[in-house]
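Chains as they are written, first to last, in my numbering: chain V, 73 to 183; chain Z, 28 to 141. Think of the CB as a built atom: it goes at the ideal place given N, C-alpha and C, for glycine as much as any other residue.
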Amino acid sequence: QKEVEQNSGPLSVPEGAIASLNCTYSDRGSQSFFWYRQYSGKSPELIMSIYSNGDKEDGRFTAQLNKASQYVSLLIRDSQPSDSATYLCAVITGTASKLTFGTGTRLQVTL
Amino acid sequence: GAVVSQHPSRVICKSGTSVKIECRSLDFQATTMFWYRQFPKQSLMLMATSNEGSKATYEQGVEKDKFLINHASLTLSTLTVTSAHPEDSSFYICSAWGDQETQYFGPGTRLLVL
């Protein structure tokens, strides 16, 4: 079982719709969770971080964490074509402050 | 937010030569930096953790003698790919923990070994 799992996609949503990206992780002791966006040929940029169960909102983005289900998600409201990218879920496992990444979900926002 | 730079952004070299990639934290000090490698259509894979003033910690399967890491100051870590071969061609990205428990990534270095 992979430590961090994501559906590779592509996930296609029309402009203006809500995009829902999901991630599961295997280490129940994980405490810190991150969503990064990566455009083709570029390095990742941080979108959201979340540490507690529940929702965390930042503009059009909402991260949701459910530690009991070992599940973290990212919702993007009012999706724009510029949101088209690969979204990487990352988790800190263990005590070495190392990020473990999922394989990423490719999002396509269509006109 | 914190800024991490990398140099060069792109490098092409002949097989058998060595290539050095620099990673700098521009507006903060980083006692720990991380080096990742990303092959096309794959996720980031952590290669090693670079520790200022001490030896790097390599992930399983990463050859420490091939990927030399030096972290001589609080703002600079270097990765040297020794005796590079075509299979080493990849996108190399460094990162460092900045404030607010956020890991910031450099822009990456694309290595092509001919």
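Mind checking if residue i is an interface residue toward chain V, Cβ cutoff 8 Å exclusive?
i	result
Z/T129	yes
Z/G88	no
Z/T76	yes
Z/W124	yes
Z/L71	yes
Z/F66	no
Z/P35	no
Z/P113	no
Terminal residues of the continuous beta strand (DSSP E) containing residue i?
i	result
Z/E79	Here Z/E79 belongs to no beta strand (DSSP E), and DSSP marks it neither H nor E.
V/A135	133-138
Z/A57	Element bounds for Z/A57: n/a, residue is neither H nor E.
Z/H98	94-100
Z/P134	Taken as a continuous stretch (DSSP letters only), Z/P134 belongs to no beta strand (DSSP E), as it is neither H nor E.
With a threshold of 8 Å between beta carbons, is residue i in contact with chain Z?
i	result
V/L146	no
V/G56	Since the first residue shown for chain V is 73 and the last is 183, residue 56 of chain V is missing from the structure and cannot be characterised.
V/T96	no
Looking only at its own chain, which residues have a Cβ that is under 7 Å from the Cβ of residue i, when we skip the five neighbours before and after it?
i	result
Z/S42	A111, H112, P113, V140, L141
Excluding five sequence neighbours on each side, which residues of the same chain lie with their C-beta closer than 6 Å to the C-beta of residue i?
i	result
Z/F66	S117
Z/E49	H34, T105
Z/L103	R51
Would you call residue i buried or exposed, if buried means 16 or more other Cβ atoms sit within 10 Å of its Cβ?
i	result
Z/G88	exposed
Z/Q33	buried
V/L146	buried
Z/A123	buried
Z/A57	buried
V/P86	exposed
V/A135	buried
Z/R37	exposed
Got a sec? Which residues, its chain only, sit under 8 Å from residue i by beta carbon, not counting five neighbours each side?
i	result
Z/D92	T109
V/S80	T175, G176, T177, R178
V/K170	I164
Z/L73	F61, W62, Y63, E86
Which ranges does the beta strand (DSSP E) cover as unbroken runs of at least 3 residues, wholly within the segment 99-134 of chain V, from first to last along the chain? The beta strand (DSSP E) runs lying completely inside the segment 99-134 of chain V and spanning 3 residues or more are 104-110, 117-122, 126-130, given in chain order.
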